[in-house]
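Read through the structure below, which is laid out as C-alpha cells, and then see the notes.
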Amino acid sequence: PYLAASANAVFNAMRAGDPQGVWMMQGWLFISGWWDKGRVEAYLSAVPDSAMIILDLYSEVAPQWKTYNNFFGKPWIYCVLHNFGGNLGLRGNLPKIGQDVIASYEESKGGMVGVGITMEGIFQNYVVYHLTLEMAWRAAPIVDIGQWVKDYSTQRYAGAAAGQVAWEQLLETAYNCSSGWGVTKSLVELRPAFKLDAPGGFMPRVPPYTLGSMVPIWTSLLGAVAVSPDIQGQDAFLYDVVDVTRQALSDIFLGLYRDAVAAFEAARSPSTVCNLALRMRQILTDMDRILSTHKGFLLGCWEADATALANGDEKLKDYFLFQARNQVTRWGAEGEITDYASKQWAGLVSGYYARRWDIWLGELCDAAREARDFDTKGTVTAIQTFESQWQYGPADASCDPSNTPVQVSKELWQRYAAGGSRAHPGGLSHVMPDMDQLMSPVSAAAI
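Residue numbers (our numbering): 9 to 455.
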C-alpha cells in the first residue's frame with residue numbers, strides 16, 4: 009500500500025499542475041537490489057498506463073524491462089547509456105545495438121515505444137550514438153554490421169572511402185565489446201597507485217582487446233591520407249586521428265605501467281624501474297601534444313565556456329572556473345568522486361594528470377634506488393595537496409589548437425609504432441626528461 013500511495017501522490021501532484029502531464033520516469037532506480045517484481049508492480053500500477061513512460065536507462069547492458077515483465081504494461085523507451093562520466097575511451101558494442109533494438113521491440117509486443125540515448129557526456133564514441141538513433145528508423149535488425157560500419161565511415165568523411173580499413177579494424181576491436189560497464193578509462197587520468205589495472209567492472213581500465221591492437225588501426229588511419237589527401241580537410245577525420253592516437257598512447261601507457269610495477273615489486277635494478285617511469289612520463293608529454301591539435305580535446309575551451317557565463321563579474325568568473333575544473337577532476341570539495349568525469353584533454357593531461365604521475369613515479373624511482381618500501385602515505389598526501397591547489401589556479405589553458413593532427417600523429421607513430429613494439433617506443437633517452445625532474449613527496453612543496 010505504501011508504494012502505491014507514494015506513486016499516486018506524485019502523480020496527483022503532477023496532474024494538479026498539468027492535467028495532461030505524463031510522468032517520464034527513469035527506470036534506473038529499479039536496478040537497486042531493494043526492488044523486486046512485487047514492489048515494482050505495486051509502484052507502477054498506481055499510475056494509469058497512458059500517463060507514464062519509462063526510460064529503460066541501460067537497455068543494451070542491463071535491460072530492466074525483461075526483469076520486470078515489460079514494466080507491467082507501462083510504455084517504455086530503449087535507451088543506450090554506454091558512458092559514465094563522459095570518459096573518452098574507445099569502446100562499444102555495435103553488433104549488439106544493431107540487433108538488440110529491433111529484437112527488444114518485437115519481444116515487447118508494443119511495450120517499447122521509442123529509442124533514446126542517455127550517456128553521461130556525448131563528445132566521444134560518436135558511432136555508438138549514430139547507430140542507436142538510426143535504429144529508431146529501421147524495421148529490421150542490421151544483418152551485416154561490417155558493411156554498415158564501412159558505409160558509416162564513408163559518410164563520416166564526406167564520401168571518402170579511404171578510412172574504411174581503419175573502421176573495419178575498430179569494429180573488430182574497440183567496438184565489438186560485450187562486457188564492462190562504461191567505456192575504457194585510461195590509467196593516465198586516474199590518481200596514481202598500485203593495482204590500477206584491475207580488469208572488468210564499473211568503468212573498466214583495461215581495453216576489450218589485446219594491447220597493441222590499436223597500432224594497426226592508427227597505421228591504417230594515417231595511411232588513408234596517402235590514398236585520399238583531401239580527407240585531411242574533414243574535421244571528423246582529424247578528430248578521429250587524434251582520438252585513435254590518444255587511445256594508442258593510453259594502451260602503451262598501460263603496458264608500461266604494468267612493467268614498471270612488476271619491476272619494482274620484483275626488486276629489479278633501479279635503472280630498470282626509473283627508465284620505465286621515464287617512458288611513462290614521456291607518453292604524457294606526447295599525449296598532451298596530440299590532444300592540443302584539435303579543439304575537441306582542449307581544457308581551455310571547457311574553461312572558456314564556463315568563465316564566459318560570468319559576463320565580466322570577476323568573483324563569478326572565479327567561481328565558474330573552480331566548478332569547471334572541479335567537475336572534471338575531484339568533483340566535490342573533498343574529492344567525493346575523484347576522477348569520475350576525467351577527460352583526456354590537452355592542458356588537463358600536462359597540467360594535472362602528469363603532475364600527479366610525476367609525484368608517484370618520482371617516489372617509485374626513489375624507493376627503487378634506496379631499496380626501501382614505497383611511501384604510500386606521503387605520496388597520497390602530496391598528490392591530494394597538489395589536486396586541491398590546482399583547483400584554484402589561473403585559467404591559462406589555450407582554446408586554440410596548435411599544429412596539425414596528422415603531422416603530429418605521424419611523428420608520434422614513428423616514435424611508438426614504427427618498430428611494432430607493444431609497450432615502448434624503443435630508445436627514447438634522447439627525448440626523455442631527467443629523472444630528477446620527477447617529483448617525490450618530499451618535493452611536493454615545489455608544486
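Every residue gets a Cβ at the ideal spot worked out from N, C-alpha and C, and that includes glycine.
Let me know if residue 197 comes out buried or exposed under the rule of 16 or more other beta-carbons within 10 Å of its beta-carbon.
buried
Relative to the alpha-carbon of residue 51, which residue among 70, 29, 178, 76 has its alpha-carbon at the smallest distance?
76
Cβ-based burial, residue 273 [other Cβ within 10 Å; buried from 16]
exposed
Are the region 317 to 329 and the region 352 to 371 in contact at 8 Å, needing three or more beta carbon pairs?
no
Provide the residue(s) that pair with residue 123 in DSSP beta bridges, ordered along the chain.
86
Would you kindly report the start and end of the unbroken beta strand (DSSP E) that includes residue 64?
60 to 64
Per DSSP, what are the beta-bridge partners of residue 32 in this structure?
Looking at the DSSP assignment, residue 32 forms a beta bridge with 61.
Expected contact under 8 Å - CB spacing of residue 88 and residue 140 to nearest Å:
4 Å
Contact set for residue 149: own chain, Cβ-Cβ below 7 Å, skip 5 residues either direction
106, 107, 110, 111
Going by DSSP, name the residue or residues bridged to residue 354.
306
Who are the Cβ neighbours of residue 41 in its own chain at under 6 Å, not counting the five residues just before and after it?
none
By Cβ distance, which residues of its chain are closer than 6 Å to residue 300, with the 5 residues on each side in sequence left out?
354, 410
Does residue 101 come out as helix, strand or coil in the three-state DSSP assignment?
strand
I'd like to check one pair, residue 158 with residue 180: are the Cβ atoms closer than 9 Å?
Against a cut-off of 9 Å, the Cβ pair of residue 158 and residue 180 comes out as no contact.
What are the residues that DSSP puts in a beta bridge with residue 184?
101
N- and C-terminal bounds of the alpha helix (DSSP H) containing residue 162:
153 to 164
As assigned by DSSP and simplified to three states, the class of residue 210:
strand
Pick from 321, 263, 295, 163: whose alpha carbon is nearest that of residue 245?
163
Taking the CB atoms as reference points, tell me whether residue 360 and residue 421 lie closer together than 9 Å.
no
For residue 188 and residue 69, the rounded distance between their alpha carbons
9 Å
How would you write the range of the alpha helix (DSSP H) that residue 367 sits in, first residue to last?
362 to 377
Assuming contact is defined by CB atoms lying nearer than 9 Å, are residue 305 and residue 352 in contact in what I supplied?
yes
Does the beta-carbon of residue 84 have 16 or more other beta-carbons within 10 angstroms, so that it is buried, or is it exposed?
buried
Quick check on residue 226: does DSSP put it in helix, strand or coil?
Three-state DSSP puts residue 226 in a helix.
Roughly how many angstroms lie between the CA atoms of residue 147 and residue 73, to the nearest whole one?
21 Å
One question on the structure: do residue 235 and residue 170 come within less than 9 Å of each other, judged by their Cβ atoms?
yes
Who does residue 189 pair with in a DSSP beta bridge?
210
In this structure, does DSSP put residue 146 in helix, strand or coil?
coil
Could you tell me whether the region 53 to 62 touches the region 23 to 31, where touching means 3 or more Cβ pairs closer than 8 Å?
Taking 8 Å as the limit for Cβ pairs, the verdict is that the region 23 to 31 does touch the region 53 to 62.
So, under 8 Å CB-CB, residue 128 and residue 100 are touching, yes? Tell me the CB distance rounded to an integer number of Å.
Going by Cβ atoms, the distance from residue 128 to residue 100 rounds to 15 Å, so no, they are not a contact pair.
Local conformation of residue 439 per DSSP, three classes
Reliability of the predicted coordinates at residue 439 is poor, the pLDDT of 34 falling under 50, and the value obtained from them is presented with this limitation in mind. It is helical.
Considering only the alpha carbon of each residue, which of 370, 250, 280, 168 lies closest to residue 416?
250
According to DSSP, is residue 46 helix, strand or coil?
Under the three-state reduction of DSSP, residue 46 is assigned to helix.
Could you give the distance in angstroms between the alpha-carbon of residue 13 and the alpha-carbon of residue 54?
In this structure, the alpha-carbon of residue 13 lies about 7 Å from that of residue 54.
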